[in-house]
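Novice:
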Amino acid sequence: MKIDLQVVTPEKIAFKGEINQISLPTKNGQITILPNHISLVSTIEGGELIIKNDKEETLLAVYGGFVEVRKNQVRVMTDVAQRVDEIDEEKAQKARDEAQKRLTQKDQMSDVDFADALRQLEKSLALLKVAGSIKRRGIK
Amino acid sequence: MESTRTIKRQIQSTKNIAKITKAMEMVSAAKMRRSQEAALIARPYAEAALKLLGNVSNSLEEKKDYPLTHKREVEKLCLLVITSDKGLCGALNSSILKEASRIINENQDKEICLVTIGKKGEKFFRGKQKVIAVFDSIGDTVELMETLPISHLLMKDFLAEDYDKVIAVYTDFVSTLKQSVKTRTLLPVSEESIKKTIDELGINEIGRTKKMKDATEYIFEPSPEEVLEKLLPNLVETQVFHVVLESNASEHSARMVAMKSSTDNAQDMLEDLKLYYNSARQGKITQEMTEIAAGVAAQE
Chain A
6 MKIDLQVVTP EKIAFKGEIN QISLPTKNGQ ITILPNHISL VSTIEGGELI IKNDKEETLL
66 AVYGGFVEVR KNQVRVMTDV AQRVDEIDEE KAQKARDEAQ KRLTQKDQMS DVDFADALRQ
126 LEKSLALLKV AGSIKRRGIK
Chain B
22 MESTRTIKRQ IQSTKNIAKI TKAMEMVSAA KMRRSQEAAL IARPYAEAAL KLLGNVSNSL
82 EEKKDYPLTH KREVEKLCLL VITSDKGLCG ALNSSILKEA SRIINENQDK EICLVTIGKK
142 GEKFFRGKQK VIAVFDSIGD TVELMETLPI SHLLMKDFLA EDYDKVIAVY TDFVSTLKQS
202 VKTRTLLPVS EESIKKTIDE LGINEIGRTK KMKDATEYIF EPSPEEVLEK LLPNLVETQV
262 FHVVLESNAS EHSARMVAMK SSTDNAQDML EDLKLYYNSA RQGKITQEMT EIAAGVAAQE
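For the record, the sequence lines run as chains A and B. Just so we're aligned, residue 6 is where the first sequence starts under this note's numbering, counting upward by one. Just so we're aligned, residue 22 is where the second sequence starts under this note's numbering, counting upward by one.
(1) Thinking C-beta only, is residue 89(B) closer than 9 Å to residue 202(B)?
(2) For the candidate residues 300(B), 308(B), 278(B), 303(B), whose alpha-carbon lies nearest to that of residue 48(B)?
(3) Which residues, in order along the segment 253 to 267 of chain B, keep a beta-carbon less than 8 Å from a beta-carbon of chain A?
(4) Does the beta carbon of residue 72(B) sit closer than 9 Å to a beta carbon anywhere in chain E?
(5) What's the call for residue 12(A), buried or exposed, on a 16-neighbour Cβ count within 10 Å?
(6) Taking 6 Å as the limit between beta carbons, can you name the residues of its chain near residue 8(A), skipping five residues before and five after?
(7) Would you say residue 246(B) faces chain A, with C-beta separation under 9 Å as the test?
(8) Assign residue 310(B) to one of two classes, buried (16 or more other C-beta atoms within 10 Å of its C-beta) or exposed (fewer than that).
(9) Taking 9 Å as the threshold (beta carbon to beta carbon), is residue 176(B) in contact with chain A?
(10) With a threshold of 16 other CB atoms inside 10 Å of the CB of residue 104(B), please say whether the residue is buried or exposed.
(11) For chain B, find out if any of its Cβ atoms is closer than 9 Å to the Cβ of residue 145(A); answer yes or no.
(12) Report back the beta-carbon spacing between residue 172(B) and residue 257(B) to the nearest angstrom; my notes put them in contact at under 8 Å.
(13) Can you check whether the CB of residue 75(B) is closer than 9 Å to the CB of residue 215(B)?
(14) Would you call residue 29(A) buried or exposed, if buried means 16 or more other Cβ atoms sit within 10 Å of its Cβ?
(15) Please tell me whether residue 131(A) has its Cβ less than 9 Å away from any Cβ of chain B.
(16) Give the secondary structure of residue 14(A) by DSSP, where H, G and I count as helix, E and B as strand, and everything else as coil.
(17) Since residue 103(B) is in the beta strand (DSSP E), which residue starts that stretch and which ends it?
(18) Quick check: is the beta carbon of residue 152(A) nearer than 9 Å to any beta carbon in chain B?
(19) Just to confirm before moving on: does the CB-CB distance between residue 48(A) and residue 67(A) stay below 9 Å?
(20) Can you confirm whether residue 73(A), when its beta carbon is compared against all beta carbons of chain B, has any partner nearer than 9 Å?
(21) In chain A, which residues lie less than 7 Å from residue 251(B) when you measure between Cβ atoms?
(22) Would residue 107(B) and residue 140(B) be called neighbours here (beta carbons separated by less than 9 Å)?
(23) In the DSSP assignment, find the unbroken beta strand (DSSP E) run with residue 298(B) in it and report its ends.
(24) For residue 182(B), is the classification buried or exposed, using 16 other Cβ atoms within 10 angstroms of its Cβ as the cut-off for buried?
(25) Give me whichever residues DSSP pairs with residue 204(B) in a beta bridge.
(26) Here's the rule I'm using: 16 or more other beta-carbon atoms within 10 Å means buried, otherwise exposed. How should residue 178(B) be labelled?
(27) In terms of alpha-carbon separation, which member of 30(B), 259(B), 40(B) lies closest to residue 282(B)?
(28) Comparing the C-beta of residue 156(B) with each C-beta of chain A, is any distance below 9 Å?
(29) Does the distance from the CB of residue 98(A) to the CB of residue 64(A) come in under 9 Å?
(30) Where residue 72(A) and residue 46(A) are concerned, what is the direct C-alpha to C-alpha distance, given to the nearest angstrom?
(31) For residue 243(B), count neighbouring C-beta atoms within 10 Å of its own C-beta (all shown protein chains included) and say buried if the count is 16 or more, exposed if not.
(32) Would you mind telling me which residues of chain A sit closer than 7 Å to residue 165(B), beta carbon to beta carbon, in chain order?
(33) So residue 88(A) and residue 44(A) are in contact, right, with Cβ under 8 Å, and what is the actual spacing, rounded?
(34) So, is the C-beta of residue 297(B) closer than 9 Å to a C-beta in chain A?
(35) Within a Cβ cutoff of 6 Å, which residues of the same chain sit near residue 138(B), ignoring the five residues on either side of it in sequence?
(36) Assuming residue 163(B) and residue 261(B) form a contact by the criterion Cβ under 8 Å, report the distance between their Cβ atoms to the nearest whole angstrom.
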């Protein structure tokens with residue numbers, strides 16, 4: 006029995022295929038979904054999404070969104086989903102610094118710009134978090 | 022017979038027009054490919070969000086009332102009209118504006134306000150209708166960020182009861198040669214409108230979306246309220262983004278096709294003009310010859 010998984014973002018389909026199990030960061034903490042899981046809807050926080058298929062393991066950095074589990078079908082809708090080897094740590098750090106700088110000039114900013122900066126900050130933090138945790142565990 | 026010089030001038034200007042339309046065709050073709058890709062790539066996400074909400078909407082009905090699903094007597098209607106910034110894209114804009122005007126005529130007893138995306142829509146409705154917000158120069162490659170101000174404005178005003186219903190009028194991208202004008206109810210979020218949208222998407226491309234199956238009871242984590250409070254605004258944002266992308270892809274496809282046919286027409290015209298020019302030239306030579314012949318005959 007396998008799970009039919011689809012990870013989609015507004016910009017692309019990040020992952021599609023049959024897998025054995027998936028772990029994802031939800032509001033209540035990291036959960037793992039195995040085949041025959043009960044129907045579930047939950048929100049996703051920033052963090053890492055671990056997909057296991059046989060011996061193959063795929064790690065994705067995700068940020069925000071929803072997961073829907075239904076009859077061995079898992080659909081993950083997230084704002085950002087990036088493969089670990091695609092994360093550019095330097096770029097993420099730069100984005101974080103820039104966002105922080107922008108946030109300090111809050112008074113001169115419109116609401117839209119502020120929200121934009123906040124989002125950028127959160128997104129870069131999520132990416133850095135995943136990149137960091139992978140380094141610590143010594144996986145590629 | 023027109024003088025050969027006028028015809029020659031006409032040929033030259035037609036040639037220039039053909040050159041320009043050809044160049045525009047090339048530009049649109051490149052933009053078209055990019056915007057079509059963007060629209061197609063965004064579809065799975067928009068569909069997934071719609072389906073999810075469609076699936077949970079059964080559980081939604083009996084539960085607490087959410088502000089965004091709140092159905093009110095429709096007294097004030099808001100139309101989100103999506104047109105292009107620039108012209109020269111065939112009947113695209115006029116069919117959108119026709120559809121929007123039709124809806125306005127149908128709802129004359131209601132108060133109507135408009136939010137337009139694209140300069141063409143703004144120009145058309147300014148002065149005739151109440152245009153409350155204008156978004157233009159969205160650009161050829163749209164990102165979710167760029168459409169957020171639009172969706173946030175709509176949600177804010179809806180919650181403030183500035184209007185009771187929001188309908189989007191946009192062009193759905195079917196293929197390069199076919200774009201169809203569609204309307205979609207964005208707010209309030211209701212089970213019927215979601216199902217209708219899903220059905221429409223399902224009809225568009227067979228197999229793209231399956232009909233909704235029986236309802237399953239879901240567990241919500243942490244709670245249904247929290248999930249739906251996030252999911253509902255997200256759905257509206259996604260839908261606005263989606264309709265903008267579809268319209269964008271349609272615009273570039275329509276312009277590409279329009280420019281291609283005008284290039285073809287210019288070529289046809291050139292051929293006709295050349296024939297005409299040659300016969301005029303021939304006529305002139307014949308006439309000169311007869312004149313000379315007549316002159317010689319007179320001298321003898």
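Using N, Cα and C, we set each Cβ at its ideal position, and we do this for glycine too.
Specialist: Here's the rundown:
(1) Along the second sequence, one-based indexing puts residue 202(B) at 181. Along the second sequence, one-based indexing puts residue 89(B) at 68. Cβ distance not < 9 Å, so residue 202(B) and residue 89(B) don't count as in contact.
(2) The sequence position of residue 48(B) within the second sequence is 27, counting from 1. Closest option to residue 48(B), Cα to Cα, is 278(B).
(3) 255, 259, 262
(4) Reference to chain E is not applicable here, since the protein chains of this structure are A and B.
(5) Position 7 of the first sequence, counted from the first residue, corresponds to residue 12(A). So residue 12(A) counts as buried.
(6) Indexing the first sequence from 1 puts residue 8(A) at position 3. Around residue 8(A): 24, 40, 77, 79.
(7) Reading the second sequence from its first residue, position 225 is the one you call residue 246(B). No, residue 246(B) does not count as interfacial toward chain A.
(8) Start at 1 with the first residue of the second sequence, and residue 310(B) comes out as number 289. Classification of residue 310(B): exposed, given that the 10 Å Cβ count is below 16.
(9) Translated into the one-based positions of the second sequence, residue 176(B) becomes position 155. Chain A, which has no Cβ nearer than 9 Å to the Cβ of residue 176(B), makes this no.
(10) Taking the first residue of the second sequence as position 1, residue 104(B) is located at position 83. Its Cβ being crowded by 16 or more others within 10 Å, residue 104(B) is buried.
(11) To locate residue 145(A), count along the first sequence from 1; it is residue 140. Residue placement at residue 145(A) is poorly supported in this model, since its pLDDT is 46, which falls under 50; the coordinates still yield a value, given next. By this cut-off, residue 145(A) is not an interface position.
(12) Taking the second sequence and counting its residues from 1, the one referred to as residue 172(B) is at position 151. Taking the second sequence and counting its residues from 1, the one referred to as residue 257(B) is at position 236. Residue 172(B) to residue 257(B), Cβ: 5 Å. Contact.
(13) As a position in the second sequence, residue 215(B) is number 194, starting the count at 1. As a position in the second sequence, residue 75(B) is number 54, starting the count at 1. Closer than 9 Å, so yes.
(14) Here residue 29(A) is taken as the residue at index 24 of the first sequence, counted from 1. Counting Cβ neighbours within 10 Å, residue 29(A) comes out buried, since at least 16 surround it.
(15) In the first sequence, residue 131(A) corresponds to position 126, counting from 1. No, residue 131(A) does not count as interfacial toward chain B.
(16) Numbered from 1 along the first sequence, position 9 holds the residue referred to as residue 14(A). It is coil, neither helix nor strand.
(17) As a working mapping, residue 103(B) is identified with position 82 in the second sequence. Residue 103(B) -> beta strand (DSSP E) spans 97 to 103.
(18) A question about residue 152(A) goes unanswered here, because the residues of chain A that appear run from 6 up to 145.
(19) Here residue 48(A) refers to the residue found at position 43 of the first sequence. Here residue 67(A) refers to the residue found at position 62 of the first sequence. Against a cut-off of 9 Å, the Cβ pair of residue 67(A) and residue 48(A) comes out as no contact.
(20) As a first step, residue 73(A) must be located in the first sequence, where it is residue number 68. Yes - at least one Cβ of chain B is within 9 Å of the one on residue 73(A).
(21) Position 230 of the second sequence, counting from 1, holds the residue named residue 251(B). Going along chain A in sequence order, the residues near residue 251(B) (Cβ under 7 Å) are 48.
(22) In the second sequence, residue 107(B) corresponds to position 86, counting from 1. In the second sequence, residue 140(B) corresponds to position 119, counting from 1. Cβ atoms of residue 107(B) and residue 140(B): closer than 9 Å.
(23) Within the second sequence, the letter at position 277 stands for residue 298(B). It is not in any beta strand (DSSP E) - residue 298(B) instead sits in the alpha helix (DSSP H) that spans 245 to 320.
(24) What you label residue 182(B) is simply residue 161 of the second sequence in a count that begins at 1. It is exposed - the Cβ of residue 182(B) has fewer than 16 other Cβ atoms within 10 Å.
(25) Translated into positions along the second sequence, residue 204(B) becomes position 183. Residue 204(B) is bridged to 190(B).
(26) Here the question's residue 178(B) lines up with position 157 in the second sequence. With 16 or more other Cβ atoms within 10 Å, it is buried.
(27) Locating residue 282(B) in the second sequence gives position 261, counting from the first residue. Nearest C-alpha to residue 282(B): 40(B).
(28) Reading the second sequence from its first residue, position 135 is the one you call residue 156(B). No - not a single Cβ of chain A is within 9 Å of the one on residue 156(B).
(29) Position 93 of the first sequence, counted from the first residue, corresponds to residue 98(A). Position 59 of the first sequence, counted from the first residue, corresponds to residue 64(A). For residue 98(A) and residue 64(A), no; Cβs fall outside 9 Å.
(30) By one-based count along the first sequence, residue 72(A) stands at place 67. By one-based count along the first sequence, residue 46(A) stands at place 41. Each residue's alpha carbon lies about 6 Å from the other.
(31) Taking the second sequence and counting its residues from 1, the one referred to as residue 243(B) is at position 222. Looking at its Cβ environment, which holds fewer than 16 other Cβ atoms inside 10 Å, residue 243(B) is exposed.
(32) As a working mapping, residue 165(B) is identified with position 144 in the second sequence. Correct list: 15.
(33) Here the question's residue 88(A) lines up with position 83 in the first sequence. Here the question's residue 44(A) lines up with position 39 in the first sequence. Contact flag wrong, Cβ pair sits at about 28 Å.
(34) Translated into the one-based positions of the second sequence, residue 297(B) becomes position 276. With 9 Å as the cut-off, residue 297(B) does not count as an interface residue toward chain A.
(35) As a first step, residue 138(B) must be located in the second sequence, where it is residue number 117. Answer for residue 138(B): 103, 156, listed in chain order.
(36) Here residue 163(B) is taken as the residue at index 142 of the second sequence, counted from 1. Here residue 261(B) is taken as the residue at index 240 of the second sequence, counted from 1. With a Cβ gap of about 10 Å, residue 163(B) and residue 261(B) do not count as contacting.
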